[in-house]
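Enquirer: Take this structure first; my questions come after.
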Amino acid sequence: GNRSYGIEVAARNYFSVNASALSLPQAATLAGLVQDPNGYDPTRNPAVATDRRNVVLDAMVVAGFITEQEAVAAKATPMALAVPPSRNGCLAAGKAARFCDYAYNWLLTRPELGATLEERQTRLQTGGLAIKTTMSAIAQKSAEDAITAYVEPTNPVAAASAVVQPGTGQVLAVATSRIFGEDTAIGQSTVNYAVDAQYGQSKGFQAGSTFKIFTLTAAMEAGLSLFDRFPGSPTEYTEFLNCETGAQFPPYEPRNSTGDSAGSITVLDATARSVNSAFVGLEEQITQCAAATMAERLGMLRADGNPLQREPSFTLGTDEVSPLRMAESMATLAARGLHCVAYPVTEVLDREGVVLLAPQPDCEQVVDQRWADAANYALQGVMTGSGTGARVALDRPAAGKTGTTNDNVAVWFTGFTPNLAASVWVGNPDSNLYPLENVTLNGVFYNEVFGGLVPGPIWRATMQNTLNGLAMPVAAFAEPPPESLLGRPVVVPNVLGRSVQQAVAILEGAGFIVKVSPGREFSDYPKETVARTSPSGGSGVTAGSTITIFISGGPKGEQGGGVCPPLVIICPPDR
């Protein structure tokens, strides 16, 4: 019992003495454990363990090992355990120590275990509780092995990951490259970089372009199309307003790290190629307020527990967050907009077997399935063709997003299938000024580390081995709604009779592409005004459609009226 293998370990674990120093009642207690180590565990069932000890003492009298008087004296001895405290509570958990530490800190927040923090600590450390976690041994090993293959514990660079089940919020794994412990010389740390500060002391790390996912999802909900176009090259944006005061932000001009494109680029391509300028333009149109609110709806908060910042740079991931929050948010998209709060424990029993805590999935549909499907469609493009995550594609449908912060200080890969979500961070946890350039990780030299290079392969190995190890079926994503591909119908403004300049301004202001036919045609409208448009005013068309303006040459019988063919400079006389 109590993870004790052998009499020497058991003596230390229950009574803090060597086996040779055990008293008669102590020795009888340990002998009684052999038949049922958990059932007779004195830390869980002291009364049952005492009865079992006394049975052993009686048997020793019968066998002639002790006298009746010695047995009576031993039975009168209270069950006085001396269980040594486990440093940081989870050192004995081996590779699951990080998960154990996360679960322990999560349980410290649960009022079911006590009214105060002190009461909860006491109960967890001395209450003989049986705790069942959500951890999957296969997922945990997959996450640990994947990280270890790329980043060694003693490297100044660290890595962390988290795996979450969509549709339940159960956390299947949390892992870091640092060994759980206090000896920094051998790569140990008690800080859990995979989770929020409340559960692991980590301040979090800037998320980089992974936050484009939230802008994308908010844009789909706002009615934009994946084929709407935005600037592909550096552009100055001047229309950002403060979400609270309405004050205008200074002009903001992001630079592109990847995917720079002359002219405009579709939202779909900008997602696959992670084009900053296009996404800031998209964010400006829907507002950074809507993008940040969408992130929070999906499950994202800063690692320090505060709300996300609402500034023009939001979509480029300047907030410090944890891998677990990223995985939880991606699990929401994987579940088609169903957000389930991440949790690590399914049941807590006291020493009598009474259920103290039995958390159930806490889920809410926070985004219409259609818009989650549209975002997932775009994020699948990251994993194919020229997408930034194509090199780490799985053997099944998957969606994902790379993330690289300014100067490569933190790099990420976050992705999911319909039945599993995971997020990986790599960076120097001790400094935001340490670029991942010209670094050696586990014996391999890298000129530059970015989201698809080291975090990507860690993510791929974690996902692939977990999916296969748990025999999760290959699942396809739902098809996106037509509106997300074509745009939702919008009404063409009526500009008949207006000057061409006015008409162009009105139509472009409504989000249309405008072409002007070079000819003139008979019309009851004054010359050089708009005779008609195609499609016509009042028609329902998709946003971003092309509207052609036809210019009036006046009524047919009017001097000089008629149609000028496009290549004729002088109108022929009326006939």
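Counting from 48, one number per residue, gives the positions in the sequence shown under my numbering.
All C-beta atoms in this analysis are idealised placements derived from N, C-alpha and C, irrespective of residue type, glycine included.
(1) Which parts of the region 515-595 are runs of the alpha helix (DSSP H), unbroken and 4 residues or longer, counting only runs that do not cross its ends?
(2) Quick one: Cα of C387 to Cα of L345, how far?
(3) Nearest to N485 by alpha carbon, out of V109, S478, N494?
(4) Does the ligand ADP have a heavy atom nearer than 7 Å to the CB of T451?
(5) Out of curiosity, what's the CA-to-CA distance linking T487 and V501?
(6) Please report the distance separating the alpha-carbon of L385 from that of E411.
(7) May I have the straight-line CA-CA distance separating Q549 from G587, to the nearest angstrom?
(8) Does V496 pass the burial test, meaning 16 or more other C-beta atoms within 10 Å, or should it be called exposed?
(9) Please classify K179 as buried or exposed, where buried requires at least 16 other C-beta atoms within 10 Å of its C-beta.
(10) Taking Cβ to Cβ, would you say L404 is nearer than 8 Å to L104?
(11) Look up S360 in the DSSP assignment and say whether it is helix, strand or coil.
(12) May I ask you to verify whether the region 573-583 touches the region 541-559, counting CB pairs closer than 8 Å and requiring at least 3?
(13) I need the straight-line Cα distance from A75 to V108, nearest angstrom please.
(14) Quick check: what's the CA-CA separation for A381 versus A337?
(15) For E199, name the three-state secondary structure that DSSP assigns.
(16) Three or more C-beta pairs closer than 8 Å, one from the region 428-435 and one from the region 466-480: is that the case here?
(17) Pull up the distance between the alpha-carbon of Y61 and that of A94, whole angstroms please.
(18) Less than 8 Å between the CB atoms is what I'm expecting for T449 and G503, so what's the real figure, rounded?
(19) Should K188 and D351 be called a contact, given that it needs their Cβ atoms to be closer than 8 Å?
(20) Using only alpha-carbon positions, find the residue among C137, Y284, A144 that is nearest to F296.
(21) Hey, is the region 222-239 in contact with the region 420-432, meaning 3+ C-beta pairs nearer than 8 Å?
(22) Quick check on the DSSP output: what are the complete beta strand (DSSP E) runs of length 3 or more inside the region 222-288, in order along the chain?
(23) Are the region 416-426 and the region 201-216 in contact at 8 Å, needing three or more beta carbon pairs?
(24) For G364 versus A254, is the C-beta distance shorter than 8 Å?
(25) Pick helix, strand or coil for F112, following the three-state DSSP scheme.
(26) Quick one: Cα of R167 to Cα of E300, how far?
(27) Looking only at DSSP bridge pairs, what is I598 linked to?
(28) Using the Cα positions of T124 and A469, report the straight-line distance between them to the nearest angstrom.
(29) Between G328 and the rest of its own chain, which residues show a CB-CB distance below 7 Å, the 5 nearest in sequence each way excluded?
(30) Should G216 be labelled buried (16 or more other beta-carbon atoms within 10 Å of its own) or exposed?
(31) DSSP three-state call for K179: helix, strand or coil?
(32) Go through its chain and collect everything with a Cβ distance to L441's Cβ below 8 Å, but skip five positions before and after it.
(33) Enumerate, from N- to C-terminal direction, the unbroken alpha helix (DSSP H) stretches of 4 or more residues contained entirely within the region 325-376.
(34) Does the distance from the C-beta atom of T231 to that of R145 stay below 8 Å?
(35) Using CA coordinates, which residue listed in T313, E358, Y246 is at the minimum distance from T292?
(36) Are the beta-carbon atoms of L355 and A342 separated by less than 8 Å?
Expert: According to the structure shown:
(1) 529-533, 547-556
(2) 9 Å
(3) N494
(4) The ligand ADP is not among the ligands present in this structure, which contains no ligands whatsoever.
(5) 11 Å
(6) 6 Å
(7) 21 Å
(8) buried
(9) exposed
(10) no
(11) helix
(12) yes
(13) 12 Å
(14) 21 Å
(15) coil
(16) no
(17) 15 Å
(18) 7 Å
(19) no
(20) Y284
(21) no
(22) 276-278
(23) no
(24) yes
(25) coil
(26) 50 Å
(27) R567, V577
(28) 53 Å
(29) F277, P278, T282, Y284
(30) buried
(31) strand
(32) M430, T464, R507, M510, Q511, L514
(33) 335-345
(34) no
(35) E358
(36) yes
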